[in-house]
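Residue numbers (our numbering), protein chains in the order written: chain A, 4 to 308; chain B, 4 to 329.
Ideal placement from N, C-alpha and C gives every residue a C-beta, glycine not left out.
The structure under discussion appears below in the form of structure tokens.
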């Protein structure tokens, strides 16, 4: 979690300094869902993320140096600079891809699960999405299919209460998003997404269900993002009370308080320092990496190109 | 060479062959275990079972995305889109994921996916069951698009599509389903990206696609009786376009007519003519002419449908227009 936080804060800084361009959606405040979910997975399990993917990629084991290089559009990035923040892919660690299309990754995860099921394998698939994805038609088609075919997939809804700029209440009257999954007969759990052990426990159950052939699960994690929809979001403002409340539920602070009796303040501080140092080094190397070359522009449109 | 069989049977037998050849080939679509509305997948479910011949709900968007996900995992899905018009519901997954994932991930991922799309005018099916949408797919980097007219190509290009490591949109015209021919390429798939001169001629080149190849051939026969020698090129692949075969033909004839069933505006013909202008403008002795449908949705009334769809007479008129006054 510390590494993710440090990565996102560094990304924010690099964006502010003009070292990273594009649309940058940070997961500051949502680290516990990424870590709790991915921590329950095996290397061969397949994760599909959305437009806010950095935390998921890091939690699944992606290299932060290659991630920074990708964000900065460099040749050494995971996607040679062609993907950028929203289209990160590190399939070698089971972080198959992210997508800029809200809910677009759900069917991809289902297809991965179908392939695993059809080959008699026990690998499972995970799709991360936000509360904004739940109002798409694709979401409902996918829940129906996942349930109908008992696919080994875990659908992870990070409900941060905001879809783009507006609150969830402006998008739907459904207060508990997991109710949608109830309709399709999918087991659900709605829980505190800022509580790492709680996230992990919910995910362990879901993974067990998927891996043992008992079908999909829908996990709704209630969380918050502590930054705007994207860096530079003109509507991101919080009053003092909101800020205090948000900071009180910061998943890193909460987990640190849990660990404090065991590790002590010094060790906890060192964890944070080590994470920031690793991130600084990775960012520095990424920014020194070469730009893509002219010939790269036309490469990999189709196989052999 | 085999005995003459129907185009629709060439599709089913090639699916059967590819399903047997490679365990990763799976077929997904609405009612595919029942054979679909035209019988293209008839009998496959009995042979390969429900894990490989997968009936789907009417959820085109999710099914297309799911097929992409399965392809990313190494399967070779063949998705059937029952009517071309319904691919509109799946365009997001087709364009944003199937076509782009190889490029966006710089080759880390590939999407070996075949999309069988049945379309075309005929039978008074109206505006939601009759369109030809090849120009939409042509506009998308990362997609290959084939449109077989002959029975041989129906087989050879389907095998090629399934074995290809990129997404291939395979366009079927239902007006061809019952036409007969022989399969020459049952073992070796055809090559995607090659057009074919199906009737050599000296005076005018007619490049046609899908069912319009048959129309162009009929036009060429009639014109031959009047002493006009038409060369017919079957485009076979819509993307990438084989400009080499086409320009080579135009260098001999100096005249070009493009014939497709889709609306003329913004169509395949426009791209083809622009490509020919860039490559062989000086070989043209008269302006190229496009034959296609008028700029309207497809009407349902049989009378209006006949007026809508390009005919043998339309191709003949276009060919004559390219020739000097006689």
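Under the DSSP assignment, residue 147(A) falls in the alpha helix (DSSP H) whose first and last residues are 140–151. For the pair residue 234(B) and residue 122(B), the Cα-to-Cα distance works out to about 26 Å. In the structure shown, residue 62(A) adopts helical secondary structure according to DSSP, grouped into three states. Comparing alpha-carbon positions, the option among 180(A), 199(A) and 186(A) lying closest to residue 193(A) turns out to be 180(A). Taking 8 Å as the cut-off between beta carbons, the residues of the segment 127–160 of chain B near chain A are 144, 145 and 147, in sequence order.
Comparing alpha-carbon positions, the option among 151(A), 63(A) and 74(A) lying closest to residue 131(A) turns out to be 63(A).
Contact holds between the segment 208–218 of chain B and the segment 148–157 of chain B, because three or more Cβ pairs, one in each stretch, are under 8 Å apart. Within the segment 104–116 of chain B, the residues whose Cβ lies closer than 8 Å to any Cβ of chain A are, in chain order, 104, 105, 106, 107, 108, 109, 110, 111, 112 and 113. At least 8 Å separates the CB of residue 247(A) from every CB of chain B. DSSP places residue 220(A) in the uninterrupted beta strand (DSSP E) bounded by 220–225. Going by DSSP, residue 280(B) is part of the alpha helix (DSSP H) stretching over 271–283. CA-CA distance, residue 14(B) to residue 181(B), rounds to 11 Å. Unbroken alpha helix (DSSP H) stretches of 4 residues or longer found wholly inside the segment 60–138 of chain A: 67–74 and 108–121, given in chain order. The beta carbon of residue 317(B) is closer than 6 Å to those of 294 in its chain, skipping five residues each way along the sequence. Within 7 Å of the CB of residue 100(A), the CB atoms of chain B belong to 104, 108 and 112, in sequence order along the chain. Residues of the same chain with a CB within less than 8 Å of the CB of residue 229(A), apart from the 5 flanking positions on each side, are 31, 32, 249, 250 and 253 in chain order. Of all residues in the segment 50–62 of chain B, the ones placed with a Cβ closer than 7 Å to any Cβ belonging to chain A are 54, 60 and 62, in chain order. Using a C-beta cut-off of 8 Å, the segment 138–145 of chain B makes contact with the segment 94–107 of chain B, since at least three inter-stretch Cβ pairs fall below that distance. With contacts defined by Cβ atoms closer than 8 Å, residue 281(A) and residue 6(A) form a contacting pair.
Residue range 181–186 is occupied by the alpha helix (DSSP H) that includes residue 182(A). Contact annotation for residue 304(A) against chain B: 105, 106, 144 and 145 [CB-CB distance below 8 Å, chain order]. If you draw a straight line from the Cα of residue 144(B) to the Cα of residue 284(A), it is about 37 Å long. Residue-level contact by beta carbon fails for residue 254(A) and chain B, as no gap is shorter than 8 Å. Residue 285(B) is outside the set of residues whose beta carbon lies under 8 Å from a beta carbon in chain A. In the DSSP assignment, residue 211(B) forms a beta bridge with 237(B) and 262(B). Per DSSP, residue 135(B) lies in no beta strand (DSSP E) segment and is marked neither H nor E. Flagged as an interface residue toward chain A: residue 65(B), by a C-beta distance shorter than 8 Å.
Residue 37(B): not part of any beta strand (DSSP E); DSSP gives it neither H nor E. Cβ-Cβ distances below 7 Å link residue 292(A) to 72, 77, 78 and 79 in the same chain, with the five nearest sequence neighbours on each side left out; the list follows chain order.
Note on geometry: alpha-carbon atoms of residue 230(B) and residue 324(B) lie some 15 Å from one another.
Excluding the 5 residues flanking it on each side, residue 248(B) has same chain C-beta neighbours closer than 8 Å at 197, 198, 199, 200 and 236, in chain order. Put simply, of 166(B), 256(B) and 285(B) the residue whose alpha carbon is nearest the alpha carbon of residue 202(B) is 256(B). Of the other Cβ atoms in all chains shown, 16 or more fall within 10 Å of the Cβ of residue 57(A); this residue is therefore buried. Chain B has a Cβ within less than 8 Å of the Cβ of residue 113(A). Counting only residues of its own chain and dropping the five nearest sequence neighbours on each side, residue 192(B) has a CB closer than 7 Å to the CB of 159, 162, 163 and 166.
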